[in-house]
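Numbering (the working numbering), first residue to last: 202 to 459. Below: one structure, written as structure tokens.
What follows is the structure, given as structure tokens:
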């Protein structure tokens, strides 16, 4: 499986090695392996590796069209189910008449309680209702420890997956663009309809994240399933690389979320 490395970034090699280790564990133990919450790019890598083996993979994040999901790697005989993934949903109960909580405040409170990002999934907000997905292994801990968010008293109430806030089906808007190269600045300039110079300024100002990591290298190479977050512009996902045009430009399918 050594050839798999050439298809991904050098910085992704540690994660690839981890996935290969998971796969070996499934093969040797002939038993399922559950992951933490993974972002779209990480799940793309997992599927690329597992599809070359006899194992299968199943994923879910607790919410419809969740962005962050847990995955289950399992042998051919096994029948995977949602329960295998161990995703617990909570509703955040607080005095809505007197306080308003934002996504950054909820995220910051979770991290401030010592949780690493991979241990919880999406935070979904509709109006003043807030729900979040966490790994069931830490559900009791977080329910006891998380009693305040941004100086507002809160209580986490477990809910079923049937009570989950549905995804807004109009949230992602798909468009097809053509770019001269897979460089970050080239793609940014095209999707935002900016000059290459203006796109480079956004990158150098630290306003651009790729897969939740700030990137200040304008020549950083973008790949399929990468998630781009641009402060004040929204989020974009490289859904698919469709091929090249007659003029040798690269045709991309891009999803946009304001």
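Every residue, glycine too, gets a C-beta built ideally from N, C-alpha and C.
Across the structure, residue 239 and residue 271 are spaced so that their CA atoms are roughly 6 Å apart. Runs of the beta strand (DSSP E) spanning 3 or more residues and lying entirely within the stretch 328 to 385 occur at 330 to 336, 356 to 360 and 374 to 380, in chain order. By the CB criterion at 8 Å, residue 324 and residue 333 fall inside the cutoff. Sequence-distant partners of residue 215 (beyond 5 residues in either direction) whose C-beta falls short of 7 Å from its own C-beta are missing from its chain.
Note on geometry: alpha-carbon atoms of residue 451 and residue 445 lie some 4 Å from one another. In the structure shown, residue 317 adopts coil according to DSSP, grouped into three states. Counting C-beta atoms within 10 angstroms of its own C-beta, residue 415 has fewer than 16 neighbours from the protein chains shown and is therefore classed as exposed. Close CB contacts of residue 366 within its chain, under the 6 Å cut and outside five residues either way in sequence, are with 325, 327 and 332 (chain order). Going by DSSP, residue 404 is part of no beta strand (DSSP E) but of the alpha helix (DSSP H) stretching over 397 to 405. Relative to the Cα of residue 282, the nearest Cα in the group 210, 257, 228 and 298 belongs to 257. With 16 or more other Cβ atoms inside 10 Å of its own Cβ, residue 263 counts as buried. Here residue 410 has 430 as same chain residues with Cβ atoms under 6 Å from its own Cβ, once five neighbours each way along the sequence are excluded.
Counted as a single uninterrupted DSSP element, the alpha helix (DSSP H) harbouring residue 285 occupies residues 283 to 286. When the Cα atoms are used, residue 458 and residue 377 turn out to be separated by approximately 15 Å.
Excluding the 5 residues flanking it on each side, residue 386 has same chain C-beta neighbours closer than 8 Å at 397, 400, 401, 404, 419 and 420, in chain order. In the assembly as shown, residue 432 is an exposed residue. Its beta-carbon has fewer than 16 other beta-carbons within 10 Å.
The alpha-carbon separation between residue 269 and residue 406 amounts to approximately 27 Å. Shown here for residue 275: same chain residues with a beta carbon closer than 6 Å to its own, the five before and five after excluded, namely 233, 257 and 281 in chain order.
As computed with DSSP, residue 422 is found in a beta bridge with 384. Cβ-Cβ distances below 8 Å link residue 244 to 260, 270, 272 and 426 in the same chain, with the five nearest sequence neighbours on each side left out; the list follows chain order.
If you look at residue 219, you'll find it in the alpha helix (DSSP H) that goes 214 to 230. CA-CA distance, residue 380 to residue 252, rounds to 29 Å.
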